[in-house]
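Numbered according to the UniProt record's numbering, the sequence shown terminates at residue 268, and the numbering increases by one at each position without gaps.
Think of the CB as a built atom: it goes at the ideal place given N, C-alpha and C, for glycine as much as any other residue.
Values in this document were obtained by computation on a predicted structure and should not be read as measured data.
Step one of this worksheet: look at the structure below.
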Amino acid sequence: MTELAIDQGHAIDQGQLREQVLGVPVHALGLAQAVNCVFDWALRRESRTVFLCNVHSVVTARRNRAHAEAMDSADLVAPDGAPVAWMLRRQGHADQPRISGPDLMWICCRRASELGTAMFLYGGSPGTLQRLGGCIRTEFAGINIVGSYSPPRRPLSAEEDEAVVRMINQSGARIVWVGLGCPKQESWMQAHRGRINAVMLGVGAAFDFHAGDVKRAPQWMQKSGLEWLHRLFQDPRRLASRYLVTNSLFILALLQALLLPRRRLRDG
């Protein structure tokens, strides 16, 4: 993992930095701003939601109203996918980086170990959570992981859900990492905003990467927007339909967005 220096600072003014990416609101900000925002909220124990937006998330929001509403209601939507970051650059944010879930999680873990910020892990299998917790504790001495929970695949009953909320709040967690995958994790965070007294961050496959269950793409593939291809080669049976369909739909929507304004101008 590349070392990144994160400056101390205050939360961003999200209202001034949000842009539409094919109809989905995404914040234009740097990694340092994102981390500072998370910890400003966490230290005040505010109930907030942080989403990481990639191509799959954009396409899902365009096809699923519930996911679109969840994205719109999030406190912070960071550009996870390289194409999303590229589109923000096209809209005038020339230095916009990609803010990937695994990178954001690792940098926040480093900051949390320095500040003693309590963290909770929600999602993944019991084995993944055990390996993930071990890897984080090995990497960051003194890290304060106050609990973890592997939810069943079925929906929780109201009583079970309330017990989970109580467990997380009583643990004293200020940051809750959510690894359920899109769109399940965004729906879960939206439903628990105001109930869980912590910053909730949906980081998807970051649990598998940091637990060592899945090997992450090399840096050159991450930087060139080809991390999805690396994941596809690793698990083609599960991911082929997702990537081929969503990537195609994203490209189609992008072409429409780029060509329709010109067509209207010619027609006028």
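| said: Between the segment 167 to 183 and the segment 104 to 118, can you find at least three pairs of beta-carbon atoms closer than 8 Å? | reply: yes
| query | How would you label Glu160, buried or exposed, when you count the other beta carbons within 10 angstroms and need 16 or more for buried? | reply | exposed
| message | Please tell me whether Ala112 and Arg98 are closer than 8 Å, where the distance is taken between their beta carbons. | response | no
| Taking the runs of the beta strand (DSSP E) that are 3 residues or longer, which of them lie wholly in the segment 153 to 240? | 175 to 179 and 199 to 202
| Is the Cβ-Cβ distance between Leu188 and Leu201 less than 8 Å? | The amino acid occupying residue 188 in the given sequence is Trp; Leu does not appear at that position. No.
| field | Residue span of the alpha helix (DSSP H) that contains Arg131, given as start and end | value | Pro126 to Glu139
| Can the beta-carbon of Asp80 be found less than 8 Å from the beta-carbon of Ser100? | yes
| query | For Asp7, which of helix, strand or coil comes out of DSSP? | reply | Any reading at Asp7 must be qualified, since the residue scores a pLDDT of 38, below 50, and its modelled position is unreliable; the value itself is stated next. In this structure, Asp7 counts as coil in the three-state DSSP scheme.
| field | Minimum C-alpha distance to Gln130 - residue among Tyr149, Asn144, Glu139 and Arg154 | value | Tyr149
| message | With three or more C-beta pairs closer than 8 Å as the rule, is the segment 207 to 218 touching the segment 61 to 75? | response | no
| task | Answer yes if the segment 122 to 129 comes into contact with the segment 143 to 158, meaning at least three C-beta pairs across the two stretches below 8 Å, and no otherwise. | result | yes
| query | Going by other Cβ atoms of all chains shown within 10 Å of its Cβ, with 16 needed for buried, is Asp235 buried or exposed? | reply | exposed
| request: Determine the DSSP secondary structure at Arg266, reduced to helix, strand or coil. | output: Here Arg266 scores only 39 on pLDDT, less than 50, and its place in the model is too uncertain to base an answer on.
| Is the Cβ-Cβ distance between Leu83 and Gly225 less than 8 Å? | Here the sequence assigns Pro to residue 83, which means Leu is not the residue at that position. Contact flag set, yes.
| field | Segments of 3+ residues assigned as beta strand (DSSP E) that fall wholly inside the segment 51 to 119 | value | 76 to 79
| message | Residues in the same chain with beta-carbon distance under 8 Å from Phe250, minus the five sequence neighbours each way, listed in chain order, please. | response | Leu22, Val55, Val58, Val59 and Pro83
| query | Along the chain, where does the beta strand (DSSP E) that runs through Ser148 open and close? | reply | Asn144 to Tyr149
| Between which two residues does the beta strand (DSSP E) carrying Glu46 extend? | That residue, Glu46, is in no beta strand (DSSP E); it is neither H nor E in DSSP.
| Rounded straight-line distance, which links the Cα of Val164 to that of Ala34 | 27 Å
| Candidates Arg193, Leu132 and Met221, of which the one nearest Trp41 by Cα | Arg193
| message | Strictly by DSSP, which residues pair up with Gln20? | response | Pro25
| field | Residues near Met105 in its chain [Cβ-Cβ closer than 8 Å; skip 5 each side] | value | Trp177, Leu201, Val203, Ala206 and His210
| task | Pick out whichever of Leu29, Glu186 and Gln96 has its Cα sitting closest to the Cα of Gly123. | result | Glu186
| task | Take Ala78 and list the residues in its own chain whose beta-carbon comes closer than 8 Å to its own, dropping the five residues that flank it on each side. | result | Val26, His27, Leu29, Ala34, Val50, Phe51, Leu52, Cys53, Ile99 and Leu104
| Spatially closest choice to Glu139 from Pro155, Leu156 and Arg110, by CA coordinates | Arg110
| CB-CB length for Arg48 against Val214, believed under 8 Å | 28 Å between Cβ atoms; not a contact.
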